[in-house]
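Structure first, commentary second.
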Amino acid sequence: MSDIVQAMVLLRDTFERYAKRDGDKDTLTKSELTKLFRTEFPGTGHRDEAALDDFFSELDSNGDGVVDFTEFVTLLATLAELYTEY
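Mapping of the sequence shown onto UniProt numbering: position 37 corresponds to residue 37, and the numbering continues sequentially without gaps.
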């Protein structure tokens, strides 16, 4: 497998590992996303509850109360741009 394919598989596997905690491997709840973010992106700081609510609402672009893989990948693309700028 190429590096990029391995990276895509890793992203999907990571998403599903956190998402399946509530029984639905296709979406992340706010709690699951918070755990993923704090575990997989250490050192990014802890946000207060209101900030986490705002962050989750922004990611949940379709307003269904969960973050699906497409919404998650949008977050990762934004983070990748930020990491490469600094």
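Glycine is no exception: its CB is placed at the ideal position from the N, C-alpha and C atoms.
So, at 8 Å on beta carbons, what are the nonlocal neighbours of residue i in its own chain, with the 5 sequence-adjacent residues on each side left out?
i	result
Leu-59	Leu-33, Val-67, Glu-71, Phe-72, Thr-74, Leu-75
Ser-2	none
What are the boundary residues of the alpha helix (DSSP H) that includes residue i?
i	result
Arg-17	3 to 19
Lys-35	30 to 40
Ser-57	49 to 59
Val-73	69 to 85
So which of the options has the shortest CA-CA distance to residue i?
i	options	result
Thr-39	Gln-6, Thr-14, Ala-77	Thr-14
Asp-64	Leu-79, Thr-27, Ala-80	Thr-27
Ala-7	Glu-85, Leu-82, Ala-77	Ala-77
Leu-52	Ser-61, Phe-37, Pro-42, Gly-43	Phe-37
Once you ignore the five residues that flank residue i on each side, which residues in its own chain have a CB closer than 6 Å to its CB?
i	result
Lys-30	Phe-56
Give a yes or no on whether the C-beta atoms belonging to residue i and residue j are separated by under 8 Å.
i	j	result
residue 91	Arg-21	Outside the shown range of the chain, which is 1 to 86, sits residue 91, and nothing can be said about it.
Could you pull out every residue in the same chain whose Cβ sits closer than 7 Å to the Cβ of residue i, ignoring the five residues on either side in sequence?
i	result
Lys-35	Tyr-18
Rounded to the nearest angstrom, what separates residue i and residue j at their Cα positions?
i	j	result
Glu-81	Gly-23	32 Å
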